[in-house]
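Everything below concerns the one structure shown next.
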Amino acid sequence: MVEENGSIRTLSVDIGGSGVKAMVLDITGNPVTERARLDTPQPATPEVVINAIVVLAAAQGEFHRVSVGFPGVVRCGVTETAVNLHPDWIGFDLETALLKQLNKPVRVINDADMQGFGAIAGKGVELVITLGTGFGSALFVDGKLVPNMEMGHHPFRKGETFEQQLRRAELEKIGDKRWNKRLEKAIASLQHLFNYDYLYIGGGEAVKVNLQLPLNVKLIPNITGLLGGIALWREEKR
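Counting the sequence shown from 1 gives a position; the working numbering is that position plus 265.
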């Protein structure tokens with residue numbers, strides 16, 4: 266590995282249900298390449314998604330280590346759930362598989378957790394939700410992550426989960442207006458549940474948010490999911 270100095274470049278990868286994104290960050294977390302994207306191959310098995318990452322990586326130039334955000338529970342580099350991908354991901358050692366393909370040190374984390382690292386201020390209780398193919402979530406207390414919370418699969422209203430009520434397919438089904446009303450109820454519910462100091466809303470469908478948001482709720486750009494990749498190397502996460 267390159268010494269811990271400004272020459273270290275981190276390839277940051279965000280695996281989503283509809284797209285796989287990548288860019289290279291410098292040691293401070295600033296982009297040094299343009300964000301690149303490929304549609305998530307279907308069916309989204311580990312093999313084809315890893316192939317997409319290899320293609321993206323080859324176009325990003327030099328990098329020394331890799332950070333990956335994955336849409337599911339991740340423990341020690343192994344993906345344990347994959348609701349919006351393929352069942353073959355359950356119990357898959359993504360960290361080791363990518364290490365073999367890219368020949369660089371790899372760290373893998375839940376995608377909303379990685380997005381959160383790119384968004385938070387590091388003070389108080391901060392909640393992050395991501396609106397896209399599914400519904401991601403991440404909780405931080407004074408900058409420390411509570412990993413793999415997966416709030417999206419918890420009951421929300423009318424016998425359905427946050428993800429069932431707010432995922433992209435539901436937005437397309439019911440339209441922006443009704444979806445925003447649901448989101449408003451979700452924000453109120455999450456405030457009562459977590460008493461957060463700040464809520465950050467990201468993901469591909471955050472652009473569809475059309476609400477008078479409370480002062481402690483902030484929209485964040487989708488690129489935040491990649492910018493958080495640098496945080497995986499700031500301290501030992503294991």
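A virtual CB, placed ideally from N, CA and C, is assigned to each residue, including glycine.
{"query": "For the putative contact between aspartate 376 and proline 412, defined by C-beta atoms under 8 Å, what is the C-beta separation to the nearest angstrom?", "result": "Incorrect: roughly 12 Å between the Cβ atoms, too far for contact."}
{"query": "Rounding to the nearest angstrom, what Cα-Cα distance links threonine 361 and leucine 276 in this structure?", "result": "16 Å"}
{"query": "In this structure, does DSSP put valine 267 in helix, strand or coil?", "result": "The predicted model places valine 267 with a pLDDT of 49, which falls under 50 and marks its position as unreliable, so this point remains unresolved."}
{"query": "Would you kindly report the start and end of the unbroken alpha helix (DSSP H) that includes asparagine 445?", "result": "441-459"}
{"query": "What's the gap between the Cα of alanine 434 and the Cα of serine 272?", "result": "42 Å"}
{"query": "Going by DSSP, what residue range makes up the beta strand (DSSP E) through glycine 467?", "result": "463-467"}
{"query": "Touch check for the segment 310-327 and the segment 390-407: three-plus C-beta pairs under 8 Å?", "result": "no"}
{"query": "The beta strand (DSSP E) that contains phenylalanine 400, what's its start and end?", "result": "400-406"}
{"query": "According to DSSP, simplified to helix, strand and coil, what is isoleucine 280?", "result": "strand"}
{"query": "With distances taken between CB atoms, is the gap from leucine 497 to lysine 473 smaller than 8 Å?", "result": "no"}
{"query": "Could you name the residues that DSSP lists as bridge partners for serine 272?", "result": "According to DSSP, which records beta bridges pairwise, serine 272 is partnered with nothing at all."}
{"query": "If you compare alpha carbons, which of Leu448, Phe382, Leu396 and Pro296 is closest to valine 406?", "result": "Phe382"}
{"query": "How long is the line joining the alpha carbons of leucine 478 and serine 402, rounded to whole angstroms?", "result": "18 Å"}
{"query": "Starting from the C-beta of arginine 302, find all residues in its chain whose C-beta is less than 6 Å away, skip the five residues before and the five after it, and write them out in chain order.", "result": "Gly284 and Lys286"}
{"query": "With DSSP as the reference, label glutamate 428 as helix, strand or coil.", "result": "helix"}
{"query": "What span of residues does the alpha helix (DSSP H) with phenylalanine 335 cover, start to end?", "result": "No alpha helix (DSSP H) contains phenylalanine 335, which is instead part of the beta strand (DSSP E) from 330-335."}
{"query": "Apart from the five residues on each side of it in sequence, which residues of its chain come closer than 7 Å, Cβ to Cβ, to histidine 419?", "result": "Thr426 and Phe427"}
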